[in-house]
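First comes the structure, then the notes that go with it.
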Amino acid sequence: MELCEKIYASQWNYYEAYRDIAGPPVGALQCSYAFNQHMLSFDDAWKFEGQFIARFAKESGLPLIIHNCGFKPYHIELIEKLQQEGIQIQAVNASHPLDIDWWVEFRKKYPEITIMGGLHVSAEMENGTPQDVENRVKEVIKKLGGTGRLVITPTCCMPWRVPLSNIKAVVEAVEKFGAYPINID
Ligand SMILES: [Zn+2]
Numbered sequence: 093m094e095l096c097e098k099i100y101a102s103q104w105n106y107y108e109a110y111r112d113i114a115g116p117p118v119g120a121l122q123c124s125y126a127f128n129q130h131m132l133s134f135d136d137a138w139k140f141e142g143q144f145i146a147r148f149a150k151e152s153g154l155p156l157i158i159h160n161c162g163f164k165p166y167h168i169e170l171i172e173k174l175q176q177e178g179i180q181i182q183a184v185n186a187s188h189p190l191d192i193d194w195w196v197e198f199r200k201k202y203p204e205i206t207i208m209g210g211l212h213v214s215a216e217m218e219n220g221t222p223q224d225v226e227n228r229v230k231e232v233i234k235k236l237g238g239t240g241r242l243v244i245t246p247t248c249c250m251p252w253r254v255p256l257s258n259i260k261a262v263v264e265a266v267e268k269f270g271a272y273p274i275n276i277d
C-alpha cells in the first residue's frame with residue numbers, strides 16, 4: 093500500500109502540473125486496468141486501484157471517463173461502487189465485451205453515461221478491410237447511436253499497423269450513417 097500511495101502522489105503531481113499549464117480539464121480518463129476478472133478479485137482491485145481512483149475524483153472534483161482495455165472488465169461493479177462514493181461517471185471507453193448487445197443493455201441501465209468506443213483496434217481496424225470497418229461503425233451507430241451519447245472512437249490506442257485506409261473509413265462511415273436522426277435499416 094505504501095507503493096500505491098507513492099504512485100498516487102506522483103500521479104497527483106502530474107495532474108497539478110498539467111492543470112497549471114493547460115487549465116482545468118472537463119473530466120479525467122482513468123485506466124482501471126486492475127478491474128479485470130482474469131486478474132484480480134473486485135475487492136483486491138478496489139484496494140490497490142479503485143480507492144485511489146475514487147480519491148482522485150473527489151480531490152480533483154472531476155467526473156470520470158472509465159477506460160479498461162482488458163478482456164473481462166468489472167464495468168458494472170466499478171460504476172456502482174464509484175457512484176456509491178458520489179462520483180460522476182461521464183463516459184466509458186472500453187471494447188470488451190465485444191458483443192454489442194451487451195452495450196445495448198448497458199445503455200438501458202445507464203442512459204446518462206456516454207459510450208466511447210465501437211472500434212476494435214486489434215480486430216477490424218488492424219486486420220480488416222475498409223468495408224469491415226464501415227460495417228462495424230454502421231452496426232454500432234444503429235444499435236447505440238439513436239439516443240445520442242455515443243462517440244465512435246478506438247478503444248485504447250491505435251496499433252502501429254492500422255492502415256490509413258481503415259482510419260479514413262471510420263470518418264466516412266460516421267459521415268454516412270451518423271447524422272441525426274439516425275435512420276439505418
Ligand atoms: Zn487501454
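This note's numbering applies: residue 93 is where the sequence shown begins, and numbers increase by one. Cβ coordinates follow ideal geometry from the N, Cα and C atoms, glycine included.
Query: Sequence-distant residues of the same chain with beta carbon closer than 6 Å to L211, five excluded per side; Result: M217 and P246
Query: Runs of beta strand (DSSP E) lying entirely within the stretch 202 to 267, each at least 3 residues, in chain order; Result: 206 to 211 and 242 to 246
Query: Ligand 1 heavy atom lying under 6 Å from the CB of C248; Result: yes
Query: Continuous beta strand (DSSP E) stretch holding C123: start and end; Result: A120 to C123
Query: Own chain residues within Cβ distance below 8 Å of V225, not counting five before or after; Result: L211, E216, M217, N258, A261, V262 and A265
Query: Alpha-carbon spacing of P116 relative to W195, whole angstroms; Result: 31 Å
Query: DSSP state of H159 mapped onto helix, strand, coil; Result: strand
Query: Test item: CB-CB of A146 and E169 under 7 Å; Result: no
Query: Endpoints, beta strand (DSSP E) assigned at Q182; Result: I181 to A186
Query: Nearest-angstrom beta carbon gap, L121 and I157 [assumed within contact, 8 Å]; Result: 4 Å
Query: DSSP three-state assignment for N105, whether helix, strand or coil; Result: helix
Query: Among G220, F144, P189 and M208, nearest to L174 - alpha-carbon criterion; Result: F144
Query: Cβ contact check for the stretch 149 to 164 and the stretch 180 to 198: 3 or more pairs under 8 Å; Result: yes
Query: Pairwise C-alpha distance: Y202 and G220; Result: 31 Å
Query: Near ligand 1: C161 beta-carbon under 6 Å from a heavy atom; Result: yes
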